[in-house]
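Input: a single structure, listed below in structure tokens.
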Amino acid sequence: MEQKALECPICKSNKATIAGENVKLSGRFEDKEFITTELTVLCCTKCGYYMFFDKMAQFTTKEDTKNST
Ligand SMILES: [Zn+2]
Numbered sequence: 003m004e005q006k007a008l009e010c011p012i013c014k015s016n017k018a019t020i021a022g023e024n025v026k027l028s029g030r031f032e033d034k035e036f037i038t039t040e041l042t043v044l045c046c047t048k049c050g051y052y053m054f055f056d057k058m059a060q061f062t063t064k065e066d067t068k069n070s071t
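Throughout, the numbering used here is defined as the position within the sequence shown, counted from one, plus 2.
And the structure:
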């Protein structure tokens, strides 16, 4: 009975189960590595869509390249 009032962006269902808590994701995009803060992962009970909620995503770059805007 782990349900929260929310809305799935895919099927608009408002029921989801908690698939994981305090989950950290890391990965790489092009030449940048990133790691997220602790996330709560919810899984839509209707369509199975995973939703990730975090307080603040943290991004780090391998090389300290600065964009000149
Ligand atoms: Zn859904």
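The C-beta atom is built at its ideal place from N, Cα and C for all residues, glycine as well.
The residues I37, T38, L41 and F54, in chain order, have a CB closer than 8 Å to that of L27 in the same chain once the five nearest residues on each side in sequence are set aside. Assigned with DSSP and collapsed to three states, G50 falls in coil, not helix or strand.
About 7 Å separates the beta carbons of I12 and C46, which is inside the 8 Å limit, making them a contact pair. C49 counts as exposed, since fewer than 16 other C-beta atoms from the protein chains shown sit within 10 angstroms of its C-beta. Boundaries of the beta strand (DSSP E) harbouring E23: A18 to V25, taken from the DSSP string. For the pair A18 and L8, the Cα-to-Cα distance works out to about 8 Å. Ranked by Cα distance from Y52, the options A21, K34 and G29 are led by A21.
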